[in-house]
Structures are given as C-alpha cells and as structure tokens.
Amino acid sequence: MAYDESVDLEQFRAETREWLEKNCPPSMRTPMKDDEVVWGGKRETFKNPDSKVWLERMAEKGWTAPQWPKKYGGGGLSPAQARVLQQEMSRIKARQPLFSFGLWMFGPALLEFGNEEQKMRFIPDIVHGRTRWCQGYSEPGAGSDLADLQTRCEDKGDHYLINGQKVWTSYADKADWIFCLVRTDTSVKHEGISFILFDMESEGVEARPIKLISGESPFCETFFNDVKVPKDQLVGEVNGGWQIAKRLLQFERSSISAGGFGGTGGSGILGPEDYAKQHIGTDSDGRLLDGDLRGRITDHKMYAKAFSLTVQRQAEQAKAGQAVSHTASILKYGAAKMNQDRHELLIEALGTEGLGWQGEGFDPAAKKVTRQWLRSKGNSIEGGTSEINLNVISKRVLGLKDHK
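Residue 1 is where the sequence shown starts when you use full-length UniProt numbering, and the numbers rise one by one after that.
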C-alpha cells in the first residue's frame with residue numbers, strides 16, 4: 001500500500017510540475033511587489049494583468065485553497081498532495097495567487113461551524129477571490145478582554161439590528177463583507193456572544209481609516225448604526241459565537257505565525273547582515289567588523305530557523321488531522337518577538353541611515369526599514385497581545401494556576 005501511494009504521489013508531482021510550468025506566467029515567478037499583492041474582492045484592480053490570470057487559473061483548480069473540499073470550490077487535495085503543490089510552487093518561485101482573511105481565518109471556521117447553505121454561498125467566492133473579508137472583533141473597550149464586547153445585535157423578528165463600534169479592523173475600508181462578533185445577551189459574558197456576517201455596503205456601516213505612526217492606514221474604526229442583517233447570516237447558534245471566535249483566533253494566530261509577520265514578500269527589505277555589510281563593513285575574511293552585532297544577528301537567524309521548523313511541524317500535525325491547538329498562541333508570541341528583534345537589528349545595522357524617515361538625504365530603502373520598524377511595534381498587540389498569549393500558554397499548555 002505504501003508503495004502504491006508513493007507512486008501515485010510522484011505521478012501527482014509530475015502532473016503538478018507540468019501544469020505549473022505551463023500556467024504560471026513568468027512575471028508571477030518574481031519577488032512580489034508591494035503594489036501587486038492580490039487581496040481579491042469587488043474592488044481589486046490587478047496592477048499586473050498576469051496577477052489576474054494567475055489567480056483565475058489557480059482558483060479554477062481550487063489550488064488557492066488546496067485542501068478544502070471540491071464541492072465548495074477547493075482543491076480536494078490530501079495533506080501529502082498539498083505539500084507537493086507547495087514544494088513545486090516554491091521550486092519555480094511562484095507567487096501566492098491570493099492573500100485573504102477568508103482563506104486564512106474565516107473560511108476554515110465556516111467550514112467547521114457553518115451550515116451547508118452558508119458554505120455553498122460563501123466558500124466558492126473566497127476560493128476565487130471574489131469577496132474580500134474583514135474581521136469585526138476588537139472594540140474600544142474590548143481588546144485583550146474580547147469577551148467584554150458591547151456591539152449589540154437585537155432580534156427584530158425577520159432580521160437582526162446591529163449597533164456599536166469596532167476598532168483596529170484591518171482593511172475594513174476595502175472589504176466587501178465582515179465576519180463580526182456581536183452581543184445577543186447582556187445578562188452573561190462569554191455565553192451572550194454570537195457570530196454574524198454582513199455586507200460592508202449595508203446601510204449604517206462606516207469605516208474610518210486610522211493613520212499609524214508608520215504613516216500607513218491598514219486599520220480602521222468601524223461604526224454600525226441600525227444595520228439590518230438577514231437572519232440566515234448568523235453562523236452557528238444564537239449566543240454560541242464565543243466557541244467560533246476562539247477557533248477563528250487559533251486559525252488567525254497560526255496564519256500569522258506561518259508568515260512570521262514577514263508580510264507578502266514584497267517589502268524589498270534585505271536581511272540585517274546585508275545592511276550591516278553595507279554600512280558597517282567587513283574584515284579581510286568577509287565577516288562583519290562589529291563582532292557583537294555579528295553574534296546577535298547569528299542568534300537571530302538561529303532562532304528564525306528553529307521557529308520555521310516548529311511552524312512546519314505544527315503544520316504537519318494540522319494536516320494530519322490534529323486540531324489547531326494552543327500551540328497557535330506559542331507561535332504567535334514567538335513570531336511577534338522574532339519580527340520585532342529582526343527590525344531592531346535592521347535599524348542598528350543601518351547606523352545613521354536608520355534615522356531616515358522622509359525627505360532628502362536618506363537611502364529610500366533605509367526609510368522603508370524605519371517605517372517598518374515602527375510598524376513592527378504592533379506585532380505584540382495584533383492577533384492577541386503577547387501578554388494574553390503568555391496567559392493562554394501558562395494556563396492551557398503548562399497547566400499553571402492564576403496567582404492569587
């Protein structure tokens with residue numbers, strides 16, 4: 001049996017390699033540029049026309065979501081086949097055709113908790129990148145203590161009526177739909193929360209971008225004023241949203257960890273060792289002149305390698321059918337630390353160029369590093385603060401009790 005499976009897998013590899021060689025455009029085998037990242041949705045512009053071609057071809061195969069069931073538009077691949085697909089894409093340096101909160105967070109949760117009608121309605125559009133989703137979780141008074149959220153959802157007979165506010169809603173101003181936590185019972189905390197979906201173009205929805213210290217505005221304040229939502233857009237049971245919310249957070253933290261906060265690969269930023277060689281210099285043996293910095297960069301690279309292997313191990317466990325567990329909190333904490341440490345090293349390696357922000361006199365690449373260094377400060381907050389993740393680890397993984 002093992003021999004037959006191996007033969008089948010090698011046949012799949014050969015077919016996959018042939019298909020990729022034929023269908024992946026040459027420009028999709030180059031490093032991703034910031035303005036060519038494809039998030040999908042009704043307003044996607046596709047600056048590079050090949051990006052649209054590549055997305056359509058991969059989505060037609062279901063390979064934007066290779067392990068999702070074919071009946072919903074996914075690829076229906078086994079874990080082993082999905083690994084082969086990723087290996088073959090890496091071999092030709094193929095870009096990921098689609099970046100999507102629908103793929104990373106909402107889709108997996110809907111497959112687990114949604115009804116058949118909801119899966120048939122929403123999952124195919126996620127696979128094809130036709131709908132861009134945002135996440136309505138945090139509120140001004142409910143960040144780390146998410147279960148304290150106050151956005152109200154009232155049953156009006158033939159529909160729900162939503163009033164309240166969310167904050168730090170990533171790309172809410174660009175999203176088509178939102179998956180949102182709302183309070184349907186004010187007498188209890190965790191047991192009074194529901195999980196609901198609605199169109200961001202619904203009357204009463206407003207998204208206001210928040211300008212960050214880095215100069216970017218990926219987050220928004222999002223306001224809901226008497227937003228009417230059809231009842232069939234509630235996922236799971238009324239007051240049963242907390243279980244879905246926790247599961248989705250595990251998917252979110254796993255996806256963040258898998259990327260290591262590395263973004264889309266289009267940042268154009270080199271490693272700290274590269275900038276150190278340029279700005280600090282090397283000795284006759286090609287080693288960095290600053291031995292202390294050289295040692296810390298080496299420690300960081302070793303940590304990054306160990307982290308990468310840990311993420312791979314967790315991914316293999318998930319693909320083998322093991323549940324996404326509290327390991328997600330460990331990896332999320334590790335990813336935040338790793339990325340923040342990396343940016344500290346980058347700034348140090350740049351020397352005075354690391355002071356660059358805007359205006360004349362600074363290397364454009366250095367100014368980009370400085371802005372991303374500022375952006376990295378949010379890594380230990382978004383997707384669950386490092387403090388909250390450490391609490392999860394201490395209680396759920398190590399079995400420690402609350403200090404009294």
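Here a beta-carbon is modelled for each residue, glycine too, at the ideal position from N, C-alpha and C. Being a predicted model, the structure only gives us computed values, none of them experimental.
Does DSSP put residue i in a helix, a strand or coil?
i    : result
W168 : coil
G265 : Because the pLDDT at G265 is just 39, under 50, the model does not fix this residue reliably, and the value given afterwards should be weighed accordingly. Reduced to three states, the DSSP call for G265 is coil.
W63  : coil
W357 : coil
Y275 : helix
W68  : coil
G286 : coil
G136 : strand
N225 : strand
D232 : helix
N48  : coil
I381 : coil
L161 : strand
N239 : coil
P25  : coil
P398 : In the sequence on display, residue 398 carries Leu and not Pro. The answer is coil: DSSP assigns L398 none of H, G, I, E or B.
L248 : helix
Could you compute how far the alpha carbon of residue i sits from the alpha carbon of residue j?
i           : j    : result
Q250        : S329 : 7 angstroms
W327        : D145 : It is worth fixing the name first, because residue 327 is Thr in this sequence and not Trp. About 20 angstroms.
E56         : G143 : 37 angstroms
R337        : I213 : The identity of residue 337 in the sequence shown is Lys, whereas the question assumes Arg. If you take the alpha carbons of K337 and I213, they lie about 19 angstroms apart.
E10         : W357 : 51 angstroms
A59         : A94  : 15 angstroms
T184        : V84  : 45 angstroms
K401        : D158 : 45 angstroms
Q150        : G164 : 7 angstroms
S376        : V205 : 29 angstroms
S202        : P209 : 18 angstroms
P66         : A82  : 6 angstroms
T282        : L289 : 5 angstroms
residue 420 : A80  : The requested residue 420 is not part of the displayed model; the chain covers only 1 to 404.
Using the DSSP secondary-structure output, state which residues sit across from residue i in a beta bridge.
i           : result
I178        : C134 and F198
residue 472 : For residue 472 there is no data in the structure shown, the boundaries of the chain being 1 and 404.
R183        : R152 and I193
Stretch-stretch touch, CB-based, cutoff 8 angstroms, three pairs: the region 169-183 with the region 39-49: yes
Three or more C-beta pairs below 8 angstroms linking the region 276-284 and the region 330-350: yes
Any 3 or more C-beta pairs closer than 8 angstroms across the region 99-107 and the region 117-136: The region 99-107 makes contact with the region 117-136, as at least three CB pairs between them are under 8 angstroms.
The region 234-252 / the region 103-117 touching (three or more Cβ pairs under 8 angstroms): yes
The region 221-232 contacting the region 307-315, beta-carbon criterion three pairs below 8 angstroms: The region 221-232 vs the region 307-315: no contact.
Length at least 4, wholly inside the region 72-144: the alpha helix (DSSP H) runs in chain order: 79-91, 107-113 and 116-127
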